[in-house]
Structures are given as structure tokens and as C-alpha cells.
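J.: Just dropping this structure here.
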Ligand code: NA
Ligand code: NA
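Protein chains in written order, with our numbering: chain A, 1 to 166; chain B, 1001 to 1438; chain C, 2001 to 2306.
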């Protein structure tokens, strides 16, 4: 249990650092693009694409941090001093909801119909090259399974935390 | 039956405190299974990726970053001071100040919730101190924050432009007049209430007018740069957002330099404040992405069930005129906004409802601006209003009381919305004059 | 089983994707199959369409050639300016002729679970639209700024002595009004569909490049069909391709009239100007297509020239 909580904390710090790095790089790329367009009078074809991919990485890594910190918008907040019953129910609802949403995402990242790996998102992406940077699309797309896995780790840590309190 | 089951599941999860994005995502996945489209869940990863792999979206985190850094750097305070200087002395002065600060802030920030959080802390206590009713002060703050996403920059409009392939520059230009009209309507309402309830005027500043103006000028350079840059086509919305971030960082450094002296100290302050804003921006962007995913998954189901086509056919068969259809669609969006998150309502409803209006001859930019305004009103419409919640939490005014106090403001704003729908020229004159709309 | 066909454009007769899709659906229905056309991008953008085809969730989809380019950039040679003389030459090279080039592209896509049903035309060849001046020679283009899709197109424009500016398509109208760009390099159909004819008052057909779309089908679905059904699908695809060829020729002929009636001045290149454009464009070929395939493309073009 402690291991899970510790892992979640370490991963979160890494994700936050990378997300901030990606966003900062994105700002730099956009500013470079403006300079290239007006200063050099020569737009590069890869700046737009790089900025876009950095945004996707920054945002999805940020999404894991927001999940960890419970910053995503909610309608009802279950307070920390709620009854144990209420807290357990809240945790149960969270686990069910997150799993229903993200398990299919993770499954179809790897597999296509009939568990065919070659029709899965990752395999197909690995045969595609981005037009601007010439990046392998599997590299860019790997942020999706990464996000799912990190959120699962944070979820497990939250279960462990409630378990420890109970 | 299927949909009732889903609604019950969603309700239970929401009441258990699960974030709306995850609830909607899970509900969408279940909808696939329950409508016998489980095989189509294979689209999830690519759908999620495509949903955010959009150039236009780049402006969103950039504007969030600029707005957040501005607030941290003390610019909100400067803009409130400026508003105080201009309209503070009239009867009901702080009420005007409240609205005017929202207008100034609107030029920097693209988000209503951020504006509400930034102004509530300062203005609501000041108004209470001067004898305004707390619920009136809070309601006015909430109502005026809607101006934020109407006057450019606007995150809602960026979403709309990206989703519907409409020029963001044209939407931004189209929002200027409606945003200012909104301020005029709120000014007028404040004027009436100030008379009736005998609100005081004469709010003054400790600082000298000259220093207030001097401090505010660089902050006002941002909206001018953004609006002029985008509207006159010198830069794209994304580039303008990038420039706004750059100017913001320079400004924070300058303010820190003036207030603390020492280049080293000012540099450290700038780095600390900017780093905090970057952190907040990645998480806020992440939360928005999760909402987009969930809505995108639902959107695909609507597509495969051919719902937009059926609506368009229905409109054609019933012989509804473009205007009456637009009013009807607006009513649906308003009702949805009452219970739904703005982004989610936008991503879910706009692609379903709006094509029929465009096919009926409505102008895409006009429809875009009024839809964005309409959906933004959801932030201050009970029972679930994002801005109401923020203002209630920050001001200590009970949520129920605030929900009641907001109603007259909401009525004023809905009236403006209807006027804007019926008179497209109010929205379109400016973008047309600038050549952004044919 | 219902055959789903996805197109990105709304159901308008000027859109070749939609015409192709309806054609295909009609043939399939005539043969007793069920077919539905999903318009307006309701099943997602191009990458999502390809994704669904590859998984067999969707049977047919019409997309930009970029979807093929991401997997195999050989496809760029079929688009290169002055590689093929006109649309008919392009069709002879891609539909009537077996070539290693096309076979290679097909094989790359097959590995992704995608079968290329055809490369339909969408109208006339590429030309230059602009808001200010009639163009009859390279010299007329001096000082013009054209909207570019990417850096490679900027290279092409450089050869013509023209400055390229990358502008997002939704922002294009505003950019022309404000003088950021003066026009673009596109087939006439683009200006007609987006109604850019309201401000792009001058057009010259440079014949520079044969624009095409990609009609794609799900390879897994196709391979899983029984022989009769597959024959039906093959016949429907053949009909759709054949009709598209006629449609493309007709559209190309009608487009010029359409431009004129929309108030656009259509100019012809003066003597020698075409050769000038050809020579200059060919100097940019190594940027516009895989350099090691230029000779193979030249040979294919020569073999299929009438
Ligand atoms: Na704004
Ligand atoms: Na609401």
C-alpha cells in the first residue's frame, strides 16, 4: 500500500515537471514561429506541428496532475470529514467511473477487433510519419496509454490511502 | 430505458463527487455498449487524439497562461484601480467599477471563471463595506464576469471556431460589440438599483490618478495588441496568444522591478509567478481536455446515429424559419447550460444543433457569437453555475441566496441575447467592416 | 450488413467526395446491399475515418491524400506540378496502368488495413487565384503573396518568384481582405465551394498539378467478403471510378463557366509562359516529392502520355 502511494507521488512529480516543460517549450515554439514568419519571412513547416504535439503532451500530463489533486470540476464535493460510509461510496463510484471510461481506451490502444495488435492504435500509428517533423506517430500517440496508466496508479494510491485511514 | 439507466448512473456518480468529465466519459462508453455499438469503442484512442490535435486549440492554454500570470502579477488590482478612477465617483460607483473592471479584464483573459475569482476577493468586500447588500455585490460580480468570454480573447470562441471551422478572428471581432453592449445593459441595471437602494458614490483611490493610469497602460497594451493583432489580421489568434504571454512576463518583471527594486529580486519574482501560472495552466488544460474527450465520444455516437441529419430534416419538414429555429436551438442550449459545464455543452450541442441553422441561411459568425454568449450564461444560471459557485465560495454569500439574487441580472442578459439573435447586424457590423465576414 | 461511407463535406453536388459516395451507394443498393452515406464529417476527421476503416468499423471513406502521404510519401509524385499533363493523363497513369509506384503505395496502405478504392478527381487542374491582377506569365506574379499549405509549397512559389505565406484555411478570407495574402494556388472547385469567388476576382489555370482525393476502403472487411459480394463491391467501385472520371472532366469544363458567372476574370497564359512555369516548377521537384523516385515518375508519365 505504502509502495503504491509512494509511486503515485513520484510519478506525479515527474508528470508535473514534464508537463510544465512541455508547455514552456510550446510557448517558445509559438514565439519562434512568429519570429520565423515576421523576422525571417520564412515559416517552418514543423513549428506548428511541434507546438500542437507539445500542447497534447502538456495537457494530458496536466490531466493526470489535475486528477491527482482532484482539480477537475465537480458538482458535489465529498468533504474529508464525511462519514466513512459516504467516503467509501465516493471511492467506489470513482473507481467504477474511471475504469469504465479508461479501460476501453487502454485496451484499444493496444488491440483492434479480435485482439488483433496490428489493428490497434499503437501499431498503426507506428507506421505513420507526421508530415512536418517526420516523427513516428506512435511516439506522439503514446501519451494516451501513458495518461491512462498514470491515472490508474493515482487511483490505486487513493484506494490505498482510504484503506490506510479505515 | 437505456437513457434512463445512463442518467441514473451519471447522477449517482456526480452525487458521489466524481468529476464531471470522468462521469460523462464513463456514461459515453456505457451508451456505446447499451445501444449495441460496443465494437465502435475501438475509435476511442484516435478520437481522443484527434479531438485535441487541432491547431486552433493552441491559443487556449496560451490565453489561460497569460490571464493567470496577469492576475498573479497584480494586474487585476491595477485594472480595478483604473475602473475606480473612471467611474468610481458616480452614485452606485462600485457597481460600475465592478462591471468596468470586468470589461478591462476581458481584454486579457479568455475565461469567465478566472475573472470571477480574480474580482470577487477585492470588490465584494469593498462593496459590502460601503453598504451594498452582499448578495447584490456578489450577483453583480458573477453577472459581469460573463463579459470576459464575449470580448476577445475568448476560450469558448476558440472552441467554437475549432469545432465548426469558423474564423476565430471573425468570432473575436464579432464579440466586441455584444460584449460592450452587455456592459451597457449591466451599467443601466446598476443605475436603476443604485437609485432605488440609495447606493453611495464617491469611491476614490489612495494612489494618484497619474500613477494609476501609468500602471494600467501597459496592462491595457495586451488587449489592444490582441484585438488589433487578430482583428487586423497581423497575427493569428494563436500567435496573438503567444505574444500576450510574452508581454505578460515582461510586465510582471516591470511591476516587480518598480515595487521591489533590484533586477535579481524582480527576476526571481517573475520566475516564481510564471512557474505557478504554468503549473495551473497545464492542469486546467488537462481538465478541459478530459471534458473534450468525453464530449467527443458522445459526439461520435450522435454521428453514427445520424442525429444532426435527423434534426436538419425535421427543421426542413416543419418549415421552421432560420430565425425561429435559431431561437429554439438557443433555448435548448440555454437549458443545457443551466445544468452542464460550458465546454461540455458546447462540444455536445453545437455540432448537433448548429448545422441546421447554418443550412437555413444563418451566418456562421453570428450564430457562433450568440451561441458562445448563450452557453456562457450557463455559468451564472442556477442550479449549476460555475461562476456562481466560485463567487459564492470566494464571497461567503450562500449559494441559494446568490442564485436568487442573480435572476434579475440573468433576465437582463437573456433580453440582450434575444436582441442579438434578432438583430444580426449588431454582431456582424464590425467583422464585416474589417472584412472578416463577406 | 450495412455499408457505411463517410465523407467530410456536406451533401452538395459540387463536392466530388459526396458525388462519389452517393454513386457508390447507389450501385451497392442496386445490387441489393444496404448502404448509408455519412456527410459533413459526422464520423470524424480524416485520421478518424482512416482509423475506423482500418478496424473495419467503417467500410468506405473519402479523405485527403495526406492520409496516404503519412504512410507512404510516394503519393506526392502523383500530385507534383507538371508531372502529368491533365486529369485524363493522371487517370491513365493511376487507373489504366499497373505501376510499381502505385503498387508500392497500395501495399503500404494494405499493411494499415486500408485498401485504396481509387484516387478520384475533383475537377480541373491547379491554378492561381488572386484578388488584384490578371496573370498571363510568371512576370505578372511579381509582388504577389500566395497562401501556402506548408514550407514545400513556399519552395515551389519561390521558383515562380512569388512569396508564400502559411495561413489556416478558416482564416483565409480575412487574410485576403487585410492584404496578408493576395490569393492561393488551388483548383477552381475550392474557390467555388468556399465562395472565395466573391473576392478572388482573377484566375489563371496553370495546369500545375493534378488534384485528387483518396477513396479508401476497409481491407479487413473487403477480404472477409464472400466472392459474390466482393464482385458486387468491385463492380460498384469500378462504376464509381469510371463515373468520377466523366464527372471530373465535366466539372472541369463547367468550372470555368462557373467562375465567369461568379464575376471572376479568367485569363489564359501567354505564349511560352506555360513552358516557363514548367521549367521553374520542375526545379522544385526534389522538394515536392521523394527525390529518388523522380525518374520512375517521369517514366510512368511518359509511358501514359497520349
Ligand atoms: Na476575453
Ligand atoms: Na449553469
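Positions of the beta carbon are idealized from the N, C-alpha and C atoms, including for glycine.
1. Using CA atoms only, rank isn't needed, just tell me which of C:2277, C:2094, C:2161 and C:2144 is closest to residue 2303 of chain C.
2. CB-CB under 8 Å to residue 1403 of chain B, same chain, minus the five flanking residues each way: which ones, in chain order?
3. So is residue 125 of chain A in contact with chain C if we call contact Cβ pairs under 7 Å?
4. For residue 1417 of chain B, which of B:1334, B:1359 and B:1432 has the nearest alpha-carbon?
5. Determine the extent of the alpha helix (DSSP H) in which residue 1349 of chain B is found, giving its start and end residues.
6. Less than 7 Å between the beta carbons of residue 2013 of chain C and residue 2040 of chain C, yes or no?
7. Across which residues does DSSP place residue 2202 of chain C in a beta bridge pair?
8. Does any heavy atom of ligand 1 sit closer than 6 Å to the C-beta of residue 2183 of chain C?
9. Any C-beta of chain B within less than 7 Å: which residues of the region 88-113 of chain A qualify?
10. Is there at least one Cβ from chain B nearer than 7 Å to residue 1973 of chain C's Cβ?
11. Which residue wins for smallest C-alpha separation from residue 2147 of chain C, given the options C:2122, C:2174 and C:2123?
12. Please name the residue, chosen from B:1135, B:1021 and B:1241, that lies closest to residue 1152 of chain B on a Cα-to-Cα basis.
13. By Cβ distance below 6 Å, which residues in the same chain neighbour residue 68 of chain A in space, the five residues on each side in sequence not counted?
14. Just to confirm the assignment: which complete beta strand (DSSP E) runs, minimum length 3, are found wholly within the region 1097-1150 of chain B?
15. Taking Cβ-Cβ distances shorter than 8 Å, what residues in chain C pair up with residue 145 of chain A?
16. Exposed or buried, what is residue 2186 of chain C when buried is set at 16 or more other beta-carbons lying within 10 Å of its beta-carbon?
17. Please report whether the beta-carbon of residue 1154 of chain B lies at a distance below 7 Å from any beta-carbon of chain C.
18. Within its chain, find whatever has a CB closer than 7 Å to the CB of residue 1273 of chain B; leave out the 5 residues flanking it on each side and keep chain order.
19. Whose Cβ in chain A lies nearer than 7 Å to the Cβ of residue 1049 of chain B?
20. Just to confirm my understanding: we take residue 2205 of chain C, look at its own chain, exclude 5 residues before and 5 after, and list those with CB closer than 6 Å. What are they?
21. Using only CA atoms, which one of B:1276, B:1376 and B:1169 lies nearest to residue 1066 of chain B?
22. Measuring straight from C-alpha to C-alpha, what distance separates residue 1258 of chain B and residue 1125 of chain B?
23. Do we get a CB-CB distance below 7 Å when we pair residue 1287 of chain B with the residues of chain A?
24. Under 8 Å between beta-carbons, which chain B residues line up against residue 2113 of chain C? List them in chain order, please.
25. Please output, in chain order, the residues near ligand 1 using a CB cut-off of less than 6 Å to any non-hydrogen atom of the ligand.
26. Counting only beta-carbon separations shorter than 7 Å, does residue 119 of chain A have a partner in chain C?
27. On the CB-based measure, 16 or more other CB atoms within 10 Å of its CB, does residue 1188 of chain B come out buried or exposed?
28. If you draw a straight line from the C-alpha of residue 2165 of chain C to the C-alpha of residue 1102 of chain B, how long is it?
29. For residue 122 of chain A, which residues in the same chain have their Cβ closer than 8 Å to its Cβ, ignoring the five residues on either side in sequence?
30. Would residue 1005 of chain B pass as an interface residue toward chain A - the criterion being a Cβ-Cβ separation below 7 Å?
31. Would you check if the region 41-57 of chain A and the region 1073-1091 of chain B touch, i.e. whether three or more CB-CB distances between them fall below 8 Å?
32. Take the Cβ of residue 60 of chain A as the centre, count every other Cβ of all protein chains shown within 10 Å, and call the residue buried at 16 or more, exposed below.
33. Kindly indicate which residue of C:2078, C:2178, C:2016 and C:2114 has the alpha-carbon position closest to the one of residue 2057 of chain C.
34. Using a Cβ cut-off of 7 Å, pull out every chain A residue sitting near residue 2054 of chain C, in sequence order please.
35. Tell me where the alpha helix (DSSP H) around residue 67 of chain A begins and ends.
36. For a test of the three-state rule: what should DSSP assign to residue 1193 of chain B, helix, strand or coil?
T.: According to the data block:
1. C:2094
2. 1382, 1383, 1385 and 1388
3. no
4. B:1334
5. 1342-1359
6. no
7. C:2130 and C:2265
8. no
9. 89, 90, 93, 94, 97, 98, 100, 101, 104, 105, 108, 109, 112 and 113
10. Only positions 2001 to 2306 of chain C appear in this structure, which leaves residue 1973 of chain C out of reach.
11. C:2174
12. B:1241
13. 12 and 154
14. none
15. Within 8 Å Cβ-Cβ: nothing; residue 145 of chain A doesn't reach chain C, min ~16 Å.
16. buried
17. no
18. 1069, 1072, 1073 and 1252
19. 141 and 144
20. 2127
21. B:1276
22. 28 Å
23. yes
24. Simply none; closest approach about 12 Å.
25. B:1106, B:1109, B:1110, B:1148, B:1149, B:1151, B:1152, B:1153 and B:1154
26. yes
27. exposed
28. 37 Å
29. 109, 110, 138, 141, 142 and 145
30. no
31. no
32. buried
33. C:2114
34. 119 and 124
35. 46-68
36. helix
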